[in-house]
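Note sheet for the following structure.
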Amino acid sequence: MADHIKIRPATGTWVVRAAGAVIGESKNALELVEGDYPPVIYFPRGDLAMAFLEPTELASTCPFKGDASYFTIEAKSGPIVNAAWSYETPKDAVAAIKDHIAFFSEKIAVEQV
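Here it is in structure tokens:
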């Protein structure tokens, strides 16, 4: 793994809310810390209401994690575009985040409860 990336189990229970609605809750979330960036919580797909997440055409590449795909959340108040991302086939060094989704904290509430 790149020395500047650390992945560990996120302590406690984590909740993700979109426009006030709970999209997921997990005791199995992962915390990814990359360099000086704030920690990012990755939720297992099985702990999310995937029916509310629609894949988008947006894609990006991280030299350390791989190719990211994005999701729009279909909230009652309207779509929250490109609010979440996932590494479908992450690089071996960060394989733990496979089948997990992270959320942009500027758009979605991610909280430890």
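Per the numbering used here: the sequence shown = residues 4 to 116. We put the beta carbon where it would ideally sit given N, CA and C, even for glycine.
Item                                                                                                                                                                  : Value
What number of angstroms, rounded off, separates the C-alpha of proline 42 from the C-alpha of threonine 14?                                                          : 12 angstroms
When the Cα atoms are used, what is the spatial distance from valine 113 to isoleucine 44?                                                                            : 8 angstroms
Glutamate 57 and isoleucine 26: beta carbons closer than 9 angstroms?                                                                                                 : no
Answer yes or no: do valine 36 and lysine 9 have a C-beta to C-beta separation smaller than 9 angstroms?                                                              : yes
Would you say lysine 30 touches the ligand FAD, meaning its beta carbon is less than 8 angstroms from a heavy atom?                                                   : The model depicted lacks the ligand FAD and carries no ligand whatsoever.
Residues in the same chain with beta-carbon distance under 6 angstroms from aspartate 50, minus the five sequence neighbours each way, listed in chain order, please. : Gly27 and Ser29
If you run the structure through DSSP and keep just helix, strand and coil, what is alanine 96?                                                                       : helix
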